[in-house]
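These notes concern the structure reproduced below.
Residue numbers (the UniProt record's numbering): 1 to 170.
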């Protein structure tokens with residue numbers, strides 16, 4: 001159906017009114033690989049940002065859609081882009097959300113393992129620690145993440161582990 005609409009002149013870069021997301025952003029964020037492929041073939045902009053300054057890559061990363069992340073990277077998606085709202089790049093989102101395979105993929109692309117978000121001043125390591133993603137913490141440490149890093153409030157990773165039920169889990 002989307003192909004038919006595009007053939008009849010639908011704008012591949014149209015944005016919804018609520019979030020400012022393009023069809024590519026929605027398809028990437030929802031994990032619809034075939035739709036992502038179609039939209040890219042029809043000329044969709046891989047760097048089109050929503051109202052928060054997040055690209056389709058960010059949507060795919062946040063929701064754990066590795067195959068789509070790979071596809072967007074093949075098409076030249078910027079791995080270092082930071083959103084306007086939080087100042088987070090894709091690696092920060094992947095570490096925060098616990099998507100180890102995507103963290104590995106982004107690290108292979110040479111992203112900055114020490115990048116901090118603007119809101120909290122947290123690195124991927126700090127987000128992984130806070131949210132209890134042990135495998136990601138181990139991976140980031142293997143890749144040279146600074147164990148002494150502190151967030152904007154000057155708290156080290158150990159202070160971010162949080163209350164019972166949060167923090168590093170096996």
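Using N, Cα and C, we set each Cβ at its ideal position, and we do this for glycine too. All figures in this text were calculated on a predicted structure; none of them were measured in a lab.
Which of helix, strand or coil DSSP assigns to residue i
| i | result |
| --- | --- |
| residue 150 | strand |
| residue 80 | coil |
| residue 115 | coil |
| residue 74 | helix |
| residue 2 | helix |
| residue 138 | helix |
| residue 128 | helix |
| residue 27 | helix |
Beta-bridge pairing of residue i - partner residues as DSSP gives them
| i | result |
| --- | --- |
| residue 65 | None; residue 65 has no bridge partner. |
Residue i versus residue j - alpha carbon distance
| i | j | result |
| --- | --- | --- |
| residue 28 | residue 91 | 16 Å |
| residue 56 | residue 46 | 7 Å |
| residue 168 | residue 133 | Note that residue 168 scores 48 on pLDDT, short of 50, meaning its location in the model is unreliable; the coordinates nonetheless yield the value given after this. Their Cα atoms are separated by approximately 6 Å. |
| residue 15 | residue 94 | 25 Å |
| residue 152 | residue 64 | 27 Å |
| residue 34 | residue 68 | 9 Å |
| residue 104 | residue 3 | 33 Å |
| residue 144 | residue 113 | 8 Å |
| residue 36 | residue 26 | 9 Å |
| residue 111 | residue 127 | 16 Å |
| residue 50 | residue 19 | 6 Å |
Span of the alpha helix (DSSP H) around residue i
| i | result |
| --- | --- |
| residue 96 | 90-97 |
| residue 103 | 100-108 |
| residue 36 | 33-41 |
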